[in-house]
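Numbering (the working numbering), first residue to last: 12 to 286. Backbone N, C-alpha and C fix where the C-beta goes; we use that ideal spot for every residue, glycine too. A short worksheet on the structure shown next.
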Amino acid sequence: MELYRFASVDIGSNAVRLFFALVVSSNNKVVKIKKLSFLRVPIRLGEDTFLRKQISKKNANALVKTMRAFKDLCPEYGVQAYEACATSAIRDAVNGQEIIKRIKKEVGIKINIIDGQVEAKLIFNSSKDKKFSKYNTCLYIDVGGGSTELTLLSGKKIIASRSFNIGTIRLLQNKVLPTEWSALKEWIKKHCTPFKSVVAIGTGGNINTLFKLSEKNADEPITLSTLKKLSSKINSMSYHERIVKLDMAPDRADVIVPAEKIFLSIMKWANIKEI
């Protein structure tokens, strides 16, 4: 058995996530990943990019400070290696590359800007779990602030994987094109329809919030009907009521509404009954 300490940075559209972990390996295979610490910094880069096409000076400075804090924490956790990735918000910003270069120069952290396909595969690989092996055909769904990643798995093989520019921040700002919705629906009909039964597996903060509100047991899926009822309940509340009554974080209480829409649309088009 060998022990390694790794760290990762996920620079998303709604927040920046810092993750520190202890990785246990045997014969060059990962046996277990133990979380040491997880920090979520609510820097909403997508609000800049999708509305004004570039990251604001304020958020750029906040990102630099966050990356400096990450670098300072690495020695404290004994980190031996790290990976830092940026997705939709940085990828689509006209000054995205400029900010990445600034962080490299001022902080010394190298950040990789990944495309939608790589993002979809990374999300799928990080969310694979033996408990899902009982399902023959699964559609992995990750709804983020700037994009939604789908990966269809059948018989332990990836059938198709794609990223769509349909995200919660984009929807809040009315920046999702009708053609993108059409492309999503067409992809689902093409790849999911041939299968008799498809189970959805959701990943990310939005579905975790919905699952928590559903009060289901850890291994119990949420049915489509339950998700619809939950959606109606959330939509009937104001932004502030969601924070007070449902104990949502301020930067989750607004994006949860478009997140529901995305999940429900995908499940409807794929004829999925539970997630």
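Do residue i and residue j have their C-beta atoms within less than 8 Å of each other?
i       : j       : result
Gln-99  : Gly-155 : For clarity, residue 99 is Ser in the given sequence; the question names Gln instead. Yes, they are a contact pair.
Ile-286 : Ala-211 : yes
Phe-81  : Thr-148 : no
Thr-179 : Ala-270 : yes
Ile-152 : Leu-163 : no
Lys-284 : Thr-237 : no
Leu-47  : Tyr-88  : yes
Gly-107 : Ile-66  : yes
Ala-104 : Lys-64  : yes
Ala-18  : Cys-85  : yes
Arg-173 : Trp-198 : yes
Arg-79  : Val-52  : no
Please state the DSSP three-state secondary structure of residue i.
i       : result
Ile-101 : helix
Asn-106 : coil
Gly-213 : strand
Ser-165 : strand
Glu-160 : strand
Ser-172 : strand
Asp-258 : coil
Ile-286 : coil
Val-154 : strand
Glu-92  : Residue 92 is actually Ala in this sequence, not Glu. Reduced to three states, the DSSP call for Ala-92 is strand.
For residue i and chain C, any beta-carbon pair shorter than 8 Å?
i       : result
Lys-227 : You won't find chain C in this structure, because it holds only one protein chain.
Tell me residue i's beta-bridge partners as DSSP assigns them.
i       : result
Ile-124 : Ala-97
Arg-16  : Leu-33
Lys-85  : Correcting the residue type first, residue 85 is Cys in the shown sequence and not Lys. According to DSSP, Cys-85 bridges with nothing at all.
- Task: Return the chain-ordered ranges of every alpha helix (DSSP H) run that is complete within the stretch 18 to 80 and spans a minimum of 4 residues.
- Result: Runs found: 56 to 63.
- Would you check if the stretch 265 to 280 and the stretch 154 to 170 touch, i.e. whether three or more CB-CB distances between them fall below 8 Å? They touch, by the three-pair rule.
- Message: I'd like to know if the stretch 24 to 42 and the stretch 71 to 89 are in contact, where contact means that at least 3 CB-CB pairs between them fall below 8 Å.
- Response: When Cβ pairs closer than 8 Å are counted between the two stretches, the stretch 24 to 42 is seen to touch the stretch 71 to 89, the count reaching three or more.
- Message: Within 8 Å, do at least three Cβ pairs link the stretch 89 to 106 to the stretch 35 to 45?
- Response: no
- Query: When the Cβ atoms of the stretch 97 to 113 are set against those of the stretch 48 to 59, are three or more pairs found closer than 8 Å?
  - Reply: yes
- Message: Three or more C-beta pairs under 8 Å: does that hold for the stretch 239 to 256 against the stretch 169 to 183?
- Response: no
- Three-pair Cβ contact test at 8 Å for the stretch 125 to 132 versus the stretch 261 to 270: They do not touch, by the three-pair rule.
- Task: With a floor of 3 residues, list each beta strand (DSSP E) that falls wholly inside the stretch 176 to 244, ordered by position along the chain.
- Result: 210 to 214
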